[in-house]
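Quick mapping for you: the protein sequence lines, in order, are chains A and B.
Numbering follows my numbering, in which position 341 of the first sequence is assigned residue number 341; successive positions increment by one, without gaps.
Position in the second sequence (first residue = 1) + 1000 = my numbering.
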Amino acid sequence: MRSTKPAIARRLMALATVVVLGGCAAAPQVISDAGDIAELAADERRLWLMSDEIDNTLRKSGAVYTDQQASDYLQSLVAALLPEFAQHIRVRVLKNVEANAFAMANGSVYINTGMLLRLRNEAELAAIVSHEAAHVTHKHVVGNVRTAKRFNMVANIVGLGASFIAATSMASLSQAHEVEADVVGMSRMASAGYAPQAAAAPFQRLADELQARGISQAGLFRSHPQLQTRAASLAALAADLPNGRLHTERFERSLARVRLAALEQAVQGGHGDLLVFLLADEELREGFGSAGFYYLGEGYRLRDYDGDRERALRAYMSAVQQDSGDYRAHGRLGLLYMKAGDNARAINHFETYQANSTDAADADAAFVRGYLERLRRDSAP
Amino acid sequence: MSAIVQCMQPRIIGLLAVMLLVPGCASYVPTTGAPVVDAQGGYRYVPPAGWYRTAFRDPRGAQYTRDGQTLQTIYTMFETHDSAFALTNKRTSADMLPQEIAEHFVAELKATLANDTLTVTQRQPVLVAGRQGVRLAAQFRSDDGLRYGLVYYLTVTENGLLSVTYRAPALHYFDRHLPAFERSVQTLEWL
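What follows is the structure, given as structure tokens:
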């Protein structure tokens, strides 16, 4: 719960009504590159340098997910969407299960692993990337800071890195900027051959997620439209545009490791309800093969509502039916059967776990050894 | 000679930190090798001799350091079942398996950190004062990139969760004082 509320607040705020959109057809400004930084206005130069510092801080902290295949894929997406800015805009992935993305003045765009996990195809990703890139190309960040300055808020923004990130994230950009980014982003999507109709889907699903997880939007959107409103405005915007491609298979293949890492982060963060919500959806789960069922089982086990142990058991069973060598699912089945007092089944699954465990560093191995010793001792005549 | 000076520098800085802190802060109490009894948690523990017990506002636990809290710290903490994992809205129970304790503990830990850089490097079943428990080793990076090492010993009783924690910067300090921590864990006894 803690992680989702700020994510929603950041992500969903633009009021993209057709009336407002009509006034947002300004031609994109070309951003400066690092070589031109001396020519920038003083405040923009400061922002640029601060953004570079934040890039370094995030990199040094280990918060940036590094995966060459994903990195190449994301940059190729930038090249397809914004060919003239391909050298200026760098998309990186942050290890965070929140559904969030943000852009900074220097052309850095960050997308959380949690956002990539929730998307279904390349067209949806293109919508996020092109939206964030529009904040860069249209200098929304510096515009926002100048606005803030007028309200004597700049001290709060430049004082701390975290506040700065917050200020440059979607939550802090004005609604007009959000609307403009939607319009420009959707235009980029269409030009690159993607289906603009896909842009609305993530917002509708996020609205469904909040409802399913019992998170009220009321407290999150004091000054922003509801998720459904955002989805509707994006759908209206896309209605007159030609359809295009989704590229689901390429998206799933290129980001498979990142999205699995996001599922593991959700487990380690104890976000059982998130895993259940996401992976109960067959369309999303199927993209992960047997791991989809394994993580669904993890979700039920961690959520631990009435009946969740049985649901977890069924999910793990589905995982081993799809892949009999899924040792992690066998390990969990052993655990559940052991807790239920079914020692024979527990021993069977723990032994299958041991026979198939290929990861020498598997953290559960030592526990399973101990369980087996005890179960065999208890089962001995 | 220069190597010796370099080796000494962090130690000297640490000692200076203590010298500055201790005289002005009466709540730094030297440890003598005598056991510290936690009646609420129902255990006794002998912190490493020559360290200091520091001011620790949480009545559920105690904190010890040798050269200053930023350089190396040991915490002992006993939390009741309904309060152990407050941020993740989970509770411990007396029949919880060590593997499950570790899992929920890591989730709670991740919820307390501002960044998501916590990496668990080892989870191992152990006995903690004769009870089934778990030893967790982990690392995380602070916002300025400084890497810290962590070791936790965890176990549950009828009443709650006992955790004994060691934390130190990975560079220089972690390995240096880990043996003293490990020896101190062996002194844990239930009342």
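Where a beta carbon is used, it is the ideal one built from N, C-alpha and C, also for glycine.
Looking only at its own chain, which residues have a Cβ that is under 8 Å from the Cβ of residue i, when we skip the five neighbours before and after it?
i                       : result
residue 1042 of chain B : 1078, 1157, 1159, 1190, 1191
residue 351 of chain A  : 372
residue 257 of chain A  : 67, 69, 70
Grab the span of the beta strand (DSSP E) containing residue i for me, first residue to last.
i                       : result
residue 1061 of chain B : 1061-1065
residue 1038 of chain B : 1036-1038
residue 1132 of chain B : 1131-1141
residue 1028 of chain B : Here residue 1028 of chain B belongs to no beta strand (DSSP E), and DSSP marks it neither H nor E.
residue 1165 of chain B : 1160-1169
residue 1119 of chain B : 1119-1128
Using a beta-carbon distance below 9 Å, is residue i in contact with chain B?
i                      : result
residue 366 of chain A : yes
residue 57 of chain A  : yes
residue 270 of chain A : yes
residue 297 of chain A : no
residue 375 of chain A : no
residue 95 of chain A  : yes
residue 185 of chain A : no
residue 302 of chain A : yes
residue 265 of chain A : yes
residue 40 of chain A  : no
residue 168 of chain A : Bear in mind that a pLDDT of 48 at residue 168 of chain A, under 50, signals an unreliable position, so the model cannot answer this.
residue 291 of chain A : no
residue 241 of chain A : no
Beta-carbon of residue i versus every beta-carbon of chain A: anything under 9 Å?
i                       : result
residue 1022 of chain B : Confidence is the limiting factor: at residue 1022 of chain B the pLDDT is only 47, short of 50, which leaves the residue's position unreliable, though a coordinate-based value still follows. Taking Cβ atoms only, chain A never reaches closer than 9 Å to residue 1022 of chain B, which makes this a no.
residue 1154 of chain B : no
residue 1106 of chain B : yes
residue 1073 of chain B : no
residue 1120 of chain B : yes
residue 1117 of chain B : yes
residue 1167 of chain B : no
residue 1055 of chain B : no
residue 1125 of chain B : yes
residue 1182 of chain B : no
residue 1084 of chain B : no
With a threshold of 6 Å on Cβ separation, who are the neighbours of residue i within its own chain once the five nearest residues in sequence on each side are excluded?
i                       : result
residue 382 of chain A  : This structure leaves residue 382 of chain A out entirely; chain A is present only between 1 and 381.
residue 1131 of chain B : 1155
residue 1126 of chain B : 1133, 1135
residue 1111 of chain B : 1087, 1088
residue 197 of chain A  : 238
residue 132 of chain A  : 101, 103, 109
residue 349 of chain A  : 330, 333, 334
In whole angstroms, what is the alpha-carbon distance linking residue i and residue j?
i                       : j                       : result
residue 216 of chain A  : residue 187 of chain A  : 32 Å
residue 200 of chain A  : residue 335 of chain A  : 41 Å
residue 76 of chain A   : residue 129 of chain A  : 11 Å
residue 242 of chain A  : residue 178 of chain A  : 23 Å
residue 1182 of chain B : residue 1164 of chain B : 10 Å
residue 230 of chain A  : residue 68 of chain A   : 33 Å
residue 51 of chain A   : residue 1168 of chain B : 30 Å
residue 266 of chain A  : residue 142 of chain A  : 34 Å
residue 322 of chain A  : residue 190 of chain A  : 38 Å
residue 1177 of chain B : residue 1076 of chain B : 16 Å
residue 1147 of chain B : residue 1153 of chain B : 20 Å
residue 1144 of chain B : residue 1179 of chain B : 27 Å
residue 300 of chain A  : residue 319 of chain A  : 14 Å
residue 204 of chain A  : residue 212 of chain A  : 12 Å
residue 262 of chain A  : residue 90 of chain A   : 21 Å
residue 1057 of chain B : residue 1029 of chain B : 15 Å
residue 1150 of chain B : residue 1045 of chain B : 19 Å
residue 370 of chain A  : residue 339 of chain A  : 14 Å
Looking at residue i and the ligand SAH, is the gap between the Cβ and the nearest heavy atom below 8 Å?
i                      : result
residue 140 of chain A : As presented, the structure is devoid of all ligands, the ligand SAH included, so that no description of it is given.
What span of residues does the alpha helix (DSSP H) with residue i cover, start to end?
i                       : result
residue 370 of chain A  : 365-379
residue 1173 of chain B : 1173-1185
residue 227 of chain A  : 227-238
residue 1044 of chain B : Here residue 1044 of chain B belongs to no alpha helix (DSSP H); instead the beta strand (DSSP E) covers 1043-1045.
residue 197 of chain A  : From DSSP, residue 197 of chain A is part of no alpha helix (DSSP H); its letter is neither H nor E.
residue 1145 of chain B : Neither: residue 1145 of chain B is in no alpha helix (DSSP H) and is coded neither H nor E.
residue 279 of chain A  : 272-279
residue 216 of chain A  : Here residue 216 of chain A belongs to no alpha helix (DSSP H), and DSSP marks it neither H nor E.
residue 188 of chain A  : 175-191
Strictly below 9 Å CB to CB, what residues from chain C border residue i?
i                       : result
residue 1145 of chain B : Chain labels in this structure do not include chain C; the protein chains are A and B.
Take residue i and list the residues in its own chain whose beta-carbon comes closer than 7 Å to its own, dropping the five residues that flank it on each side.
i                       : result
residue 353 of chain A  : 327, 330, 331, 334, 368
residue 1090 of chain B : 1104
residue 294 of chain A  : 316, 319, 326, 328, 329
Start-end ranges of the beta strand (DSSP E) lying completely within the region 38-112 of chain A, minimum 3 residues:
90-94, 101-103, 108-112
Give, in chain order, every unbroken run of the beta strand (DSSP E) that is at least 3 residues long and sits entirely within the region 281-342 of chain A.
none
Could you name each continuous alpha helix (DSSP H) segment of 4 residues or more that falls completely within the region 1056-1104 of chain B, going from the start of the chain to the end?
Taking 4 residues as the minimum length, the region 1056-1104 of chain B contains no alpha helix (DSSP H) run wholly inside it.
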